[in-house]
Each structure stands twice: as structure tokens, then as C-alpha cells.
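Residue numbers (my numbering): 131 to 421. Ideal placement from N, C-alpha and C gives every residue a C-beta, glycine not left out.
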């Protein structure tokens, strides 16, 4: 039963990943033909990270489906493949969280100091995101492959009933959850600051576009808290008390939540930015001015 549920889950992840990619490409093409990305480099990088996350979860799901259908037989090859796939997936998730934090910081600066605020530039924020991602990826590679190569492949003793390396998986998960905890705390801190700044300076926003961007970023923060921080906290509480892990399947750092989070972000982007502006008559304009 559970194998059938997992198969359906991974097929759904692949489908949702393609939907995310198509939506983001549509957003980028539409926005580039209208307003451009000159002052929205952090938003552009965030949307681009959704494409990277979606592509990453496609390869992650394909590998798990191949393993489920017994198309991957070599034990050492499977261990290396899963460790490499998990490392790539986690690194991309960290890249996604980094772009989210940069987007929140960028909007805080644009609201707090609208006159003196200068756009960071796509190259600068891309460099920061890639530096954080590369450092995280290197740490995961070292802690994952060193332990996996020394204690699992060479001895073939630390293997569980599924044929995967227990030792490498344990070390990988401990580092993985540690990184997820660190970035969850950062997202919450920066998001709370953005929430306070947004509530304080909301009436001073001049353009409609800035208001749309800020509402979208606020939705991103709420989604992060609901899909990532809360399941992560519940998972750790249940794990430490009764020894049950639930958020592997429902959290934003799990396979399904990893694509559900970007999909809801796309929906949050779709509502304010893709709506057609209503035409206003002179009588409506007079009413708006008087109001």
C-alpha cells in the first residue's frame, strides 16, 4: 500500500514540477515584455530558483521511481546515486531559501529607504546566493561521501533492509536538518522584520507595483512559516518525544512539500501580477479622488 502511495506521490511531484516551471517561464516572459527586471533583480532570482528547485525534484523523483521499480540493482551505485541526488536537492533548497532571504532584505530596504535605496543588481545577489549554496554543498559532500565511502561502500555492513546505507543517511540527515533549522530561523527573523516594516510604512507606498511586490513577498513569508517552519518544529517535537517522523512527507523540506511550496508561491504571484487592470471611467476617477 505504502509503495503505491509513494509511486503516486513521486509522479505527482514530477507533474507539479513541470507546472511550476511553465508558470515561472510564463511570468518571466510576460514581465520582460512589459515592465522589465531592472529594479526587480531579487524577485527575478527568486523566480529562477523555483525553476531550479522544480528541475531538481524531477531528477530526485525519477531516481526514487527507478529504485522502487527495481531498475537500480548495484548496492554501491545506488548509495552513491542517492547521496549525490540528496546533496543536490538539499543544496538547491538552500539556494531557494537564500534567494527568499535576499528578497525579504531587498524589500525591507526598498520600503525603509525608498529614496536612497539602490538595487543590488542581479550579478551581486546571484554571487551571494551561489556562495552560500556552494559552501552548503561542499559541507554536505564532505560529511556525506566521506562517511559513505569509508563505512558503507568499503565494508558493506552498515546497510538497512532497503539496501541503503544507514551510516551515511544518518550523518546526511543530521547535517541536513541542522541546515534546515538554521535557514528556517533566518527566514523567520527576516520575515518578522519585513512584516513590521511593511505594516509601519504601508501607507507611504506610492506605486501600485511596489504594493503588489510587497504583498507577494508577504505571502511568501506566510507560506514559509506554514509549510516549512511549523512542520519542522512539529517533526522535531514528535521525533524527540515518541520517535515518529512526519514532516518528511508534509514539510517543505520533504519531496512533496519541496514542490508544493514553489507552486503556492506561483499562485501567490499569479493573483496580484497577472490580473488585468480594470478600466476606470471619469466618474469612477472622481469618486476615487474624493474618497
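- From the listed residues 310, 397, 197 and 322, the smallest Cα separation to residue 221 is found for 310.
- For residue 224, the closest alpha carbon among the candidates 180, 188, 236 and 238 is that of 180.
- Put simply, the backbone Cα of residue 342 is about 44 Å away from that of residue 198.
- When the alpha-carbon of residue 229 is set against those of 363, 365, 242 and 350, the nearest one is in 350.
- Judged by their CB atoms, residue 232 and residue 172 are nearer to each other than the 7 Å cut-off.
- In chain order, 224, 227, 228 and 231 place their CB closer than 8 Å to the CB of residue 313, counting only its own chain and leaving out the 5 sequence neighbours on each side.
- In the structure shown, residue 373 adopts coil according to DSSP, grouped into three states.
- Spanning the alpha carbons of residue 234 and residue 399 requires a straight line of approximately 15 Å.
- Secondary structure of residue 199 (DSSP, three-state): coil.
- A Cβ-Cβ distance of about 7 Å is found for the pair residue 195 and residue 137, placing them in contact under the 8 Å criterion.
- Under the three-state reduction of DSSP output, residue 194 falls in the helix class.
- When rounded, the separation of the alpha-carbon atoms in residue 327 and residue 356 is 21 Å.
- Excluding residues up to 5 positions away in sequence, 180, 350 and 353 lie with their Cβ nearer than 7 Å to the Cβ of residue 395 in the same chain.
- A straight line joining the alpha-carbon of residue 189 with that of residue 260 spans about 21 Å.
- For the 7 Å CB-CB criterion, residue 211 and residue 393 do not form a contact.
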